[in-house]
Amino acid sequence: MIKENAVVISQEKIASGIYSLVLGVTFAEEAVPGQFVSVYCRDASRLMPRPISLCEIFPDRGAVRLVYRVAGAGTEEFSRLHSGETAEIMGPLGNGFPIEENRDKKVLLIGGGIGIPPLLACAEKLSHPVFAVGYRSETYLLADLKKAGQVHAATEDGSYGICGNVMDVICSVPLEADVIFACGPKPMLKAVKAYAEKNAIECWISMEERMACGIGACLGCVCKTTEINSHSMVRNARVCKDGPVFKAGEVDLS
Amino acid sequence: MIKENAVVISQEKIASGIYSLVLGVTFAEEAVPGQFVSVYCRDASRLMPRPISLCEIFPDRGAVRLVYRVAGAGTEEFSRLHSGETAEIMGPLGNGFPIEENRDKKVLLIGGGIGIPPLLACAEKLSHPVFAVGYRSETYLLADLKKAGQVHAATEDGSYGICGNVMDVICSVPLEADVIFACGPKPMLKAVKAYAEKNAIECWISMEERMACGIGACLGCVCKTTEINSHSMVRNARVCKDGPVFKAGEVDLS
Amino acid sequence: MKSGIREIKMETEIAGIKMKNPVMTASGTFGSGMEYSDFEDLSLLGAVVTKGVASVPWSGNPSPRICETASGLLNAIGLQNPGIDVFLKRDLPFLTGKGTRIIVNVCGHTEEEYLEVVERLKDTSADLLEINISCPNVKEGGIAFGQDPGAIEKITKSVKKHASQPVIMKLSPNVTDIKESARAAEAGGADAISLINTLTGMKIDIHKRAFALANKTGGLSGPAIKPVALRMVYEAAHAVSIPVIGMGGISCADDAIEFLMAGARAVSVGTENFRNPCAASEIAGGIRDFLQENHITDVRDIIDVVK
Amino acid sequence: MKSGIREIKMETEIAGIKMKNPVMTASGTFGSGMEYSDFEDLSLLGAVVTKGVASVPWSGNPSPRICETASGLLNAIGLQNPGIDVFLKRDLPFLTGKGTRIIVNVCGHTEEEYLEVVERLKDTSADLLEINISCPNVKEGGIAFGQDPGAIEKITKSVKKHASQPVIMKLSPNVTDIKESARAAEAGGADAISLINTLTGMKIDIHKRAFALANKTGGLSGPAIKPVALRMVYEAAHAVSIPVIGMGGISCADDAIEFLMAGARAVSVGTENFRNPCAASEIAGGIRDFLQENHITDVRDIIDVVK
Ligand SMILES: Cc1cc2nc3c(=O)[nH]c(=O)nc-3n(C[C@H](O)[C@H](O)[C@H](O)COP(=O)(O)OP(=O)(O)OC[C@H]3O[C@@H](n4cnc5c(N)ncnc54)[C@H](O)[C@@H]3O)c2cc1C
Ligand SMILES: Cc1cc2nc3c(=O)[nH]c(=O)nc-3n(C[C@H](O)[C@H](O)[C@H](O)COP(=O)(O)OP(=O)(O)OC[C@H]3O[C@@H](n4cnc5c(N)ncnc54)[C@H](O)[C@@H]3O)c2cc1C
Ligand SMILES: Cc1cc2nc3c(=O)[nH]c(=O)nc-3n(C[C@H](O)[C@H](O)[C@H](O)COP(=O)(O)O)c2cc1C
Ligand SMILES: Cc1cc2nc3c(=O)[nH]c(=O)nc-3n(C[C@H](O)[C@H](O)[C@H](O)COP(=O)(O)O)c2cc1C
Ligand code: FES
Ligand code: FES
């Protein structure tokens with residue numbers, strides 16, 4: 087975990103409002119899929135760093151790839167970064183998905199919307215990854231996903247793949263899985279959690295909360311847990327430090 | 087008077103901490119020496135525009151030149167502008183020096199430090215301009231001044247011209263003048279005013295105050311006046327609107 | 056009515072005075088509209104609120120009067136104004152007939168001075184009066200006038216007795232409980248309240264070892280104060296039944312909509328005018344766009360919807 | 056002493072407790088130092104102020120607990136903490152012997168809860184106690200506890216009776232007159248006061264038509280509040296003779312120096328830690344540089360120099 091000025095190696099718009107940013111970093115070797123970085127804004131009126139997941143990790147090149155959606159002023163600022171410029175970041179943060187122990191298992195990677203990028207990093211470390219991904223309409227990152235594994239996709243308007251959301255993919259395609267890794271909006275995570283419970287599949291989900299410190303000190307980013315957390319001593323866990331990846335059964339998504 | 091996105095035609099560092107910025111503007115034809123522009127910051131935490139005087143006016147090219155010193159975060163931000171980018175500005179603001187009526191008179195242009203740039207614009211419109219300018223140590227804009235008129239200079243460390251300040255120039259060189267235009271720090275303006283009074287020379291000085299609106303509405307930038315001002319009905323005048331150029335006798339520099 | 060293009064009602068009303076939209080300019084940030092009329096079509100505004108006017112000319116504070124802070128502005132103008140005579144001769148006639156409502160902001164050192172101005176405004180084109188009770192020089196028992204509920208109620212009553220126009224009391228945010236201030240104004244008979252005025256702040260020039268403002272302290276405005284302003288507007292709107300005009304750091308339509316949703320019947324744009332002289336009309340347009348995008352046909356349908 | 060290089064004294068003292076420099080971390084923004092120790096050498100800090108500790112674990116408020124505002128941060132953590140048991144077993148031992156002073160911030164729902172924590176901290180390595188009387192749940196006569204001078208004096212007296220360490224009372228800025236709060240703490244026997252805690256604020260998500268924070272309101276911190284904080288620190292420092300610890304929006308050495316010049320004996324760095332985990336030690340270094348550049352040999356020579 088380090089705070090550094092990362093050099094922008096490249097930045098590319100890959101779909102409307104979606105950008106792919108490759109940054110030179112010193113920590114690529116230690117980074118794990120599912121971890122994220124805090125990206126700091128230049129504009130002095132925006133104090134809080136923006137958490138962005140690692141979409142790809144290139145230990146050899148000493149680089150990481152972030153894929154993000156312009157959601158507001160902070161990500162808009164990032165989208166104007168040019169190669170050669172620097173971006174202040176802190177990382178790698180959080181725990182990441184349990185890759186080692188599941189490397190050779192059948193891992194189903196379920197992603198919705200801007201939750202898809204971190205699953206690419208996972209797939210690149212797994213032996214038999216299968217993706218189930220849902221987009222609103224325009225797809226992105228599909229070529230990369232296909233290179234990394236088998237892909238089943240849905241779009242809400244049916245413009246690509248199945249017409250519907252990612253749960254419709256899972257229900258319509260016969261998919262066998264030992265483990266599920268999921269990242270996406272909360273309603274999707276709820277549905278995935280229910281699906282995994284029903285089918286008794288081990289399930290890990292990546293949570294999202296607004297963050298301030300990003301390192302576990304401010305307690306700004308907690309999510310509810312089903313049991314008392316050993317750090318907080320209450321039914322709360324820090325998404326930035328104890329997560330962002332949790333065993334689905336550990337978190338209370340209500 | 088207009089607010090517009092001016093295109094940066096060129097920017098150059100001309101001395102340590104001093105920059106020369108040429109902007110394409112729509113108002114160059116109506117601008118008058120001694121007027122200024124409000125330059126707005128991109129950084130959202132800096133709300134107030136920075137007033138910068140017109141150093142040269144190019145009606146033919148539809149451009150103006152600003153020469154400014156990096157004094158803080160705002161001007162630092164401006165110093166990073168590259169040609170082709172835009173800068174939000176409002177102008178031309180204020181009244182300017184009385185050029186027309188003094189064009190063919192002997193006008194002595196007295197400038198100190200970063201007060202020198204607007205005098206260049208004046209000289210370029212006058213028949214017989216004579217400069218008396220004072221620098222701390224490093225000179226700047228000298229070649230331009232010499233092209234525009236006769237130059238007498240001082241530096242505080244004696245590295246160029248007379249060793250001392252601009253008042254030492256005036257006292258040591260025999261200078262005849264019908265009118266004085268002066269711009270510089272307040273102590274200099276006080277000395278110039280006293281000198282002009284003693285020698286019964288008509289004298290115009292350009293004042294500086296922190297500004298918010300730049301157009302006469304907020305009353306943030308007032309200077310004390312010797313008589314009741316017809317707009318404010320009190321002994322106060324707005325530097326941005328009633329000035330920045332005042333007849334020396336009108337303002338109370340105490 | 057064409058499909059997709061519905062007419063959007065932007066009208067709002069304060070104390071029986073109809074305005075074409077809920078966006079006004081905040082007192083002291085727009086002069087009397089004259090300087091801004093080079094940029095802004097005044098007829099696009101719900102109302103122009105004038106700089107505070109006193110019974111005689113006020114010199115205000117010495118310079119420096121303003122300084123910048125992070126996303127904020129500190130000012131200590133000290134209510135410089137040319138006095139009611141010149142205001143009635145020059146400023147009010149300028150604003151009259153411009154197609155916008157005129158709200159005259161009134162200040163004074165004593166109750167008598169307030170009342171004198173209020174009297175002089177009788178039978179003029181002023182549509183509403185806004186009484187600034189945060190004047191720095193007016194004290195009541197050690198703390199400023201606008202910080203004491205008893206004093207607020209008393210001055211409101213007196214002003215109401217003398218005013219021919221509806222009266223808006225402008226509240227100070229430098230209080231423990233804004234609900235008490237709001238209730239005091241309502242109890243005194245105010246037709247509406249407006250808030251917030253500036254938060255008292257300070258800046259020091261460490262190199263000069265001196266206060267950045269000649270007056271030592273100044274009033275903080277701008278986006279920095281918006282969260283505090285919104286909280287107070289929400290609290291006040293839920294404490295009284297008279298209309299609330301919200302302000303404090305509004306710099307875009309989204310900000311204005313927050314205040315409306317929190318319960319404000321109208322909003323004022325202040326410090327943002329310095330950054331964008333067309334801010335107020337652009338914000339009015341932006342509110343309209345928001346309504347359109349969200350298929351809402353009347354701005355009143357977003358007022359007080361978040362509780 | 057070599058020419059040009061003079062030794063600069065950075066020591067300061069609060070209630071008899073010497074600190075190596077006047078820069079501390081603000082409660083709740085630095086955990087108990089553990090997470091930050093990956094970035095920051097804690098021994099470079101004057102003191103670490105812990106997150107508020109209560110007698111039992113507190114769950115705090117539901118999420119979302121934080122949101123960003125212009126140059127500010129709204130938080131409604133709701134004082135989540137693991138309780139004094141775990142604090143004494145895990146957090147305090149971690150901080151002990153790290154070469155910095157330990158200030159334990161104490162919170163409670165009732166006077167008894169405060170006293171229980173204070174008692175448990177007896178004979179521990181805590182150097183000082185900071186009593187947070189702005190706890191949102193503690194009410195006295197309708198308004199929060201820390202907003203009533205009588206209640207401030209009373210709780211101060213009780214805490215002083217039970218505490219073995221010197222006591223800092225942490226004041227709320229959400230008051231009409233901070234001088235009264237400061238004097239009440241002094242009258243109650245406080246050894247020092249610290250201010251400001253956060254200003255109550257609000258944000259609305261206009262698309263969701265809901266409060267941005269689950270708790271509706273939150274506390275505003277960061278550069279946005281610095282002018283208000285500095286004004287209050289100045290007022291408080293001139294109202295009492297006990298030492299004042301200043302905070303609110305400090306993000307660089309220049310900011311810290313403003314607070315010292317306004318009369319603060321020490322300063323705390325809060326929200327800036329989130330942007331720069333080394334902020335506090337960098338600020339201490341920056342103060343030293345300022346002194347050096349200005350040929351000042353003792354930091355105490357810039358305290359309270361602007362009046
Ligand atoms: C662990 C984690 C990983 C993430 N990974 C990605 C990713 O790989 N790609 C991607 O596009 N987005 C990702 N996000 C979401 C991303 O952080 C937000 O979209 C981004 O912070 C928005 O910032 P903004 O300034 O553009 O928007 P604004 O809405 O202006 O932001 C205002 C504030 O809210 C916070 N915020 C807004 N939306 C979110 C959100 N969804 N989650 C957390 N904080 C938010 C911002 O950080 C900022 O502090 C991730 C979020 C988390 C928590
Ligand atoms: C009419 C006029 C003409 C000017 N012309 C020039 C010029 O041609 N070249 C040049 O280098 N400078 C000029 N200045 C000064 C210039 O405006 C300031 O140096 C600049 O605003 C500093 O901004 P900053 O953000 O870099 O500094 P900061 O100190 O960070 O600024 C903080 C705030 O103080 C204000 N401020 C700081 N210094 C001054 C100052 N001296 N005068 C007015 N406001 C100030 C800023 O505008 C800003 O609002 C002029 C000032 C005025 C009033
Ligand atoms: C330069 C300046 C002058 C002001 N003068 C007055 C005034 O004369 N009367 C008044 O009631 N409020 C005055 N105010 C307060 C504003 O009307 C408004 O309440 C405050 O600035 C908050 O809004 P804002 O953040 O949008 O500026 C003034 C504010 C500024 C910045
Ligand atoms: C996330 C967060 C949590 C906080 N928790 C506490 C707390 O537990 N106890 C307390 O006294 N103050 C708490 N505060 C207030 C800070 O200690 C400080 O008074 C305030 O944030 C102003 O300083 P700043 O602007 O530098 O952050 C908290 C502030 C923040 C931002
Ligand atoms: S963001 Fe601070 S604890 Fe997670
Ligand atoms: S800057 Fe507003 S009146 Fe001059």
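Residue numbers (our numbering), protein chains in the order written: chain A, 87 to 340; chain B, 87 to 340; chain C, 56 to 362; chain D, 56 to 362.
Every residue, glycine too, gets a C-beta built ideally from N, C-alpha and C.
For clarity, every value in this text was computed on a predicted model and none was experimentally measured.
By the Cβ-count criterion, Ser106(B) is buried, with 16 or more other Cβ atoms from all chains shown falling within 10 Å of its own Cβ. For Met274(A), the shortest C-beta to heavy atom distance toward ligand 3 is 8 Å or greater. Counting only residues of its own chain and dropping the five nearest sequence neighbours on each side, Arg120(D) has a CB closer than 8 Å to the CB of Asn130, Ala131, Ile132, Gly133, Leu268, Ala269, Asn270, Gly273. Taking C-beta atoms as the reference points, Val255(B) and Ile248(B) count as a pair closer than 9 Å. Each residue's CA atom was taken as its position, placing Glu168(C) and Ala109(C) some 7 Å apart. For ligand 2, a non-hydrogen atom lies closer than 8 Å to the CB of Met134(B). By the C-beta density criterion, Thr312(A) is exposed, having fewer than 16 other C-beta atoms within 10 angstroms. In this structure Val361(D) touches Ala317(D) by the C-beta definition: roughly 6 Å separates them, less than 8 Å. Rounded to whole angstroms, the Cβ separation of Leu183(D) and Ala311(D) is 19 Å, and the two are not in contact under 8 Å. Contact residues of ligand 6 (beta-carbon closer than 7 Å to any heavy atom; chain order) are Met297(B), Ala298(B), Cys299(B), Gly300(B), Ile301(B), Gly302(B), Ala303(B), Cys304(B), Leu305(B), Gly306(B), Cys307(B), Arg324(B), Val325(B), Cys326(B), Lys327(B). Listed along chain B, the residues sitting closer than 9 Å to Ala130(A) by beta-carbon distance are Asp129, Ala130, Ser131, Arg132, Ala159. The C-alpha of Ile95(A) lies about 28 Å from the C-alpha of Val331(A). Here the segment 248-260 of chain D makes contact with the segment 286-304 of chain C; the two share three or more CB pairs at distances below 8 Å.
If you draw a straight line from the Cα of Ala125(D) to the Cα of Ser213(B), it is about 51 Å long. Looking at the DSSP output, Ile305(C) shares a beta bridge with no other residue. Asn328(D) sits in a helix when the DSSP states are folded into three classes. Going by DSSP, Arg156(D) is part of the beta strand (DSSP E) stretching over 156-161.
Residue range 136-139 is occupied by the beta strand (DSSP E) that includes Pro137(A).
Ile300(C) and Gly340(C) have their C-alpha atoms some 18 Å from each other. Here His350(C) carries a coil assignment [DSSP, helix/strand/coil]. Restricted to the segment 236-314 of chain B, the beta strand (DSSP E) segments that are unbroken, complete and at least 3 residues in length are 236-241, 265-269, 288-292, 308-310, listed in chain order.
The C-beta distance from Asn187(C) to Gly115(C) rounds to 14 Å, too long to meet the 8 Å contact threshold. Unbroken alpha helix (DSSP H) stretches of 4 residues or longer found wholly inside the segment 67-138 of chain D: none. Against chain B, the CB of Phe94(C) has a partner CB under 9 Å away; the residue lies at that interface. Counting along the chain, His217(D) sits inside the alpha helix (DSSP H) bounded by residues 204-217.
The three-state secondary structure of Tyr105(B), taken from DSSP, is strand. Within chain C, no residue has its beta carbon less than 8 Å from that of Tyr154(B); the closest one is some 17 Å off.
Shown here, Lys144(C) sits in a helix according to DSSP, grouped into three states. Restricting attention to beta strand (DSSP E) runs no shorter than 3 residues, the segment 179-225 of chain A encloses them at 193-198, 216-221, ordered along the chain. Beta-bridge partners of Thr255(D) (DSSP): Gly274(D). Interface criterion met: the Cβ of Val361(C) is under 9 Å from a Cβ in chain D. Between ligand 3 and Ile300(D), a heavy atom-to-CB distance of less than 8 Å is absent. Straight through space, the alpha carbons of Asp328(B) and Lys144(C) are spaced by roughly 20 Å.
Following the DSSP letters along the chain, one finds Lys281(D) inside the alpha helix (DSSP H) bounded by residues 281-292. Listed in chain order, the non-local C-beta contacts of Thr172(B) below 6 Å within the same chain comprise Asn91, Val93, local neighbours out to five positions each way being set aside. Within chain D, no C-beta atom comes nearer than 9 Å to that of Arg355(C); the closest sits roughly 15 Å away.
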